[in-house]
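Student:
Numbering (my numbering), first residue to last: 1133 to 1565.
#1: State the start and end residues of the unbroken beta strand (DSSP E) segment that holds residue 1489.
#2: Which of the three DSSP states is assigned to residue 1271 in this structure?
#3: Exposed or buried, residue 1349, counting other C-beta atoms within 10 Å across all chains shown (16 or more means buried)?
#4: Distance, Cα to Cα, residue 1148 vs residue 1136?
#5: So is residue 1151 buried or exposed if we call it buried at 16+ other beta carbons inside 10 Å?
#6: When burial is assigned at 16 or more other CB atoms within 10 Å of the CB, is residue 1532 buried or exposed?
#7: Of the residues 1285, 1313 and 1248, which one's Cα is nearest the Cα of residue 1198?
#8: So does the region 1317-1325 actually touch the region 1270-1288, counting three or more Cβ pairs closer than 8 Å?
#9: Go to residue 1138, then tell me how far its beta strand (DSSP E) extends in each direction, as first and last residue.
#10: Assign residue 1561 to one of two classes, buried (16 or more other C-beta atoms within 10 Å of its C-beta) or exposed (fewer than that).
#11: Within its chain, find whatever has a CB closer than 7 Å to the CB of residue 1381; leave out the 5 residues flanking it on each side and keep chain order.
#12: Answer yes or no: do residue 1211 and residue 1521 have a C-beta to C-beta separation smaller than 8 Å?
#13: Check whether the region 1427-1436 touches the region 1386-1399, taking contact to mean three or more Cβ pairs, one atom from each stretch, closer than 8 Å.
#14: What does the Cβ neighbour count give for residue 1160, buried or exposed, with the cut at 16 atoms within 10 Å?
#15: Leaving out five residues on either side along the sequence, give the residues of the same chain with a beta carbon under 6 Å from the beta carbon of residue 1424.
#16: Do residue 1313 and residue 1298 come within 8 Å of each other at the CB atom, strictly closer than that value?
#17: Under 8 Å Cβ to Cβ from residue 1515, same chain only, skipping five residues before and after it: list those, please.
#18: To which residues does DSSP link residue 1285 through a beta bridge?
#19: Spatial neighbours of residue 1507 within its chain, please: CB distance less than 7 Å, with the 5 preceding and 5 following residues excluded, ordered by chain position.
#20: Starting from residue 1260, follow the alpha helix (DSSP H) in both directions and report where the run begins and ends.
#21: By the DSSP assignment, the beta strand (DSSP E) with residue 1428 in it spans what residues?
#22: For the candidate residues 1469, 1170, 1291 and 1254, whose alpha-carbon lies nearest to that of residue 1544?
#23: Please state if the CB of residue 1360 and the CB of residue 1336 are separated by a distance shorter than 8 Å.
#24: Would you call residue 1144 buried or exposed, if buried means 16 or more other Cβ atoms sit within 10 Å of its Cβ?
#25: Taking just the CA atoms, how far does residue 1517 sit from residue 1392?
#26: Could you tell me the distance, in whole angstroms, from the CA atom of residue 1190 to the CA atom of residue 1504?
#27: Taking 7 Å as the cut-off, does the CB of residue 1533 come closer than this to any heavy atom belonging to the ligand PLP?
#28: Going by DSSP, what residue range makes up the alpha helix (DSSP H) through residue 1207?
#29: Comparing C-alpha positions only, which one of 1256, 1306, 1474 and 1447 sits nearest to residue 1553?
#30: In angstroms, rounded to a whole number, what distance separates the CA positions of residue 1219 and residue 1450?
#31: Excluding the 5 residues preceding and the 5 following residue 1133 in the sequence, name in chain order all residues of the same chain whose CB lies nearer than 8 Å to its CB.
#32: Runs of 3 residues minimum, wholly inside the region 1503-1530: which ones carry the beta strand (DSSP E) assignment?
#33: At the level of alpha carbons, what is the spacing between residue 1467 and residue 1387?
#34: If we call anything under 8 Å between Cβ atoms a contact, is residue 1344 one with residue 1320?
#35: Taking just the CA atoms, how far does residue 1491 sit from residue 1183?
#36: For residue 1454 and residue 1267, I'd like the C-alpha separation in whole angstroms.
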């Protein structure tokens, strides 16, 4: 939205009001020179810090968690600006820190010390400097004889598990690209993997309708879980590691006690085969996605159907649920990827469709939430991985086009440093040092 305020540099250009504005502060950007400005009620438009610094400082209520604040501000820039503009923003910050034009506290107007505010600005600049680096393939993992259909990082990020149509599960050191173990036991493809919170247990589901529990240290099969009558296409594990959820093309979702291997509850009221499942972090809601594009939300304990979400026109191939107080629309967010080539963002609390992301040229096989940058990552049969701006315009931030075939699987490392993608080979994407 265009404002009545004009750029202090160009003088005549009307400034655009940025979506981060609220009643306490208004943020502006000049469409011509791309300089950023901020204005508090009753105060003049910032002059001495006419670059990105005013936006950084005015956008922050300095707290006892400067790293959280810095990442939030860096994420705001990163999800809205080009890499070229990010470079300019970093240069603005470095310039002011090296050759101060005035005390930071004069601009910020807060009680934080000059030293703390300058340390905060340095942290923002460091985060953006890392982001300006282009993502590259830091490791290429080869060893599977067919398509890699599922990937999962161990919670400490030290091991990556992969499952393939060749029937095997492989454990890798993602940093060095070394193969650690190969687990065999499934008859047919492996479609789903999940780690226990401690990393001491790996769960797999496959074409043979079996769920298998593995000791990743020894590579030994600990126990099979039997009950499904057709392929197990998706798995989700509760954050306490006690309950496993599985979805199958036999049209059921099943809950299992991982300690005993006992079947707890079957959700049998699905009229078509299932391809995806997710559980909310608070263990209260289970989402299931089916062959005809319908998503159902269930109460985990009572098995009551809470709501039905319609909007996809093809198989729901991937589901992810995230709970975070930062989301202004819904405390529980549901992301879905479909054979109709779209991703959708739903508010799971009320079942509302918030946004649809279009841009893939093939079925969306996997979706994941990137917690560090508050973005969505997706992989598709169009051979690409895409990252999307979750808020505002829902535009593509970047595309990673390095695979020669369909990208069936995707995983983000717990520390957010790496993205793993699976096709005929596995690629580990990250910033080259």
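Built from N, CA and C at the ideal position, the CB exists for glycine as well.
Tutor: According to the structure shown:
#1: Position 357 of the chain shown holds residue 1489. Residues 1484-1490.
#2: The residue given as residue 1271 occupies position 139 in the chain shown. Annotated three-state conformation of residue 1271 is strand, per DSSP.
#3: Here residue 1349 refers to the residue found at position 217 of the chain shown. Looking at its Cβ environment, which holds fewer than 16 other Cβ atoms inside 10 Å, residue 1349 is exposed.
#4: Locating residue 1148 in the chain shown gives position 16, counting from the first residue. Locating residue 1136 in the chain shown gives position 4, counting from the first residue. Roughly 9 Å separates the two Cα atoms.
#5: The sequence position of residue 1151 within the chain shown is 19, counting from 1. So residue 1151 counts as exposed.
#6: Working through the chain shown from its first residue, we reach residue 1532 at position 400. Flag for residue 1532 reads buried.
#7: To locate residue 1198, count along the chain shown from 1; it is residue 66. Closest option to residue 1198, Cα to Cα, is 1248.
#8: yes
#9: Within the chain shown, numbered from 1, the residue matching residue 1138 stands at position 6. Looking at the DSSP string, the run of the beta strand (DSSP E) that includes residue 1138 is 1134-1138.
#10: Along the chain shown, read from residue 1 onward, the residue named residue 1561 stands at position 429. Answer is buried; the Cβ neighbour count reaches 16.
#11: Position 249 of the chain shown holds residue 1381. If we look at residue 1381 and ignore the five residues flanking it on each side, its Cβ neighbours are 1362, 1363, 1365, 1405 and 1406.
#12: For the purposes of this step, residue 1211 is taken as the residue at position 79 of the chain shown. For the purposes of this step, residue 1521 is taken as the residue at position 389 of the chain shown. Yes; because the gap between Cβ atoms is below 8 Å, this pair is in contact.
#13: yes
#14: Counted from its first residue, the chain shown places residue 1160 at position 28. Under this definition residue 1160 is a buried residue.
#15: Position 292 of the chain shown, counting from 1, holds the residue named residue 1424. These residues qualify, in order along the chain: 1404.
#16: In the chain shown, counting from the first residue as 1, residue 1298 sits at position 166. In the chain shown, counting from the first residue as 1, residue 1313 sits at position 181. Contact: no.
#17: Numbered from its first residue, the chain shown carries residue 1515 at position 383. Around residue 1515: 1494, 1533, 1535, 1536, 1537, 1538, 1539 and 1555.
#18: Here residue 1285 refers to the residue found at position 153 of the chain shown. For residue 1285, which the question treats as bridged, DSSP gives the partners 1292.
#19: To locate residue 1507, count along the chain shown from 1; it is residue 375. Result list for residue 1507: 1211, 1519, 1520, 1521, 1522 and 1529, in chain order.
#20: Here the question's residue 1260 lines up with position 128 in the chain shown. That run of the alpha helix (DSSP H) goes 1246-1264.
#21: Here residue 1428 is taken as the residue at index 296 of the chain shown, counted from 1. Its beta strand (DSSP E) spans residues 1426-1431.
#22: Here residue 1544 refers to the residue found at position 412 of the chain shown. Cα-wise, what sits closest to residue 1544 is 1291.
#23: Here residue 1336 refers to the residue found at position 204 of the chain shown. Here residue 1360 refers to the residue found at position 228 of the chain shown. In this structure, residue 1360 does not lie closer than 8 Å to residue 1336 by Cβ.
#24: Sequence index remark: in the chain shown, residue 1144 carries index 12 (1-based). Looking at its Cβ environment, which holds fewer than 16 other Cβ atoms inside 10 Å, residue 1144 is exposed.
#25: Taking the chain shown and counting its residues from 1, one reaches residue 1392 at position 260. Taking the chain shown and counting its residues from 1, one reaches residue 1517 at position 385. The straight-line gap from Cα to Cα measures roughly 38 Å.
#26: Walking along the chain shown from the start, residue 1190 turns up at place 58. Walking along the chain shown from the start, residue 1504 turns up at place 372. Low confidence applies here, because residue 1190 scores a pLDDT of 49, under 50, leaving its location unreliable; read the following figure in that light. If I take the Cα positions, the gap works out to 21 Å.
#27: The ligand content of the structure shown is nil, which means the ligand PLP is not present either.
#28: Mapped onto the chain shown, residue 1207 falls at position 75. Element bounds for residue 1207: 1198-1210.
#29: Working through the chain shown from its first residue, we reach residue 1553 at position 421. Residue 1306 is the option with its Cα nearest to residue 1553.
#30: Stepping through the chain shown from its first residue, residue 1219 is reached at position 87. Stepping through the chain shown from its first residue, residue 1450 is reached at position 318. In a straight line, the C-alpha of residue 1219 is about 35 Å away from that of residue 1450.
#31: Against the chain shown, residue 1133 aligns to sequence position 1. Within the same chain, residue 1133 has close Cβ partners 1148 and 1149.
#32: Complete beta strand (DSSP E) runs here, min 3: 1507-1512 and 1517-1521.
#33: Start at 1 with the first residue of the chain shown, and residue 1467 comes out as number 335. Start at 1 with the first residue of the chain shown, and residue 1387 comes out as number 255. About 21 Å.
#34: Position 212 of the chain shown, counted from the first residue, corresponds to residue 1344. Position 188 of the chain shown, counted from the first residue, corresponds to residue 1320. Contact flag unset, no.
#35: As a position in the chain shown, residue 1183 is number 51, starting the count at 1. As a position in the chain shown, residue 1491 is number 359, starting the count at 1. Residue confidence is low: residue 1183 scores 48 on pLDDT, short of 50, so the model does not pin down where it sits. No coordinate-derived value is stated.
#36: As a position in the chain shown, residue 1454 is number 322, starting the count at 1. As a position in the chain shown, residue 1267 is number 135, starting the count at 1. Rounded to whole angstroms, residue 1454 to residue 1267 spans 25 Å at the Cα level.
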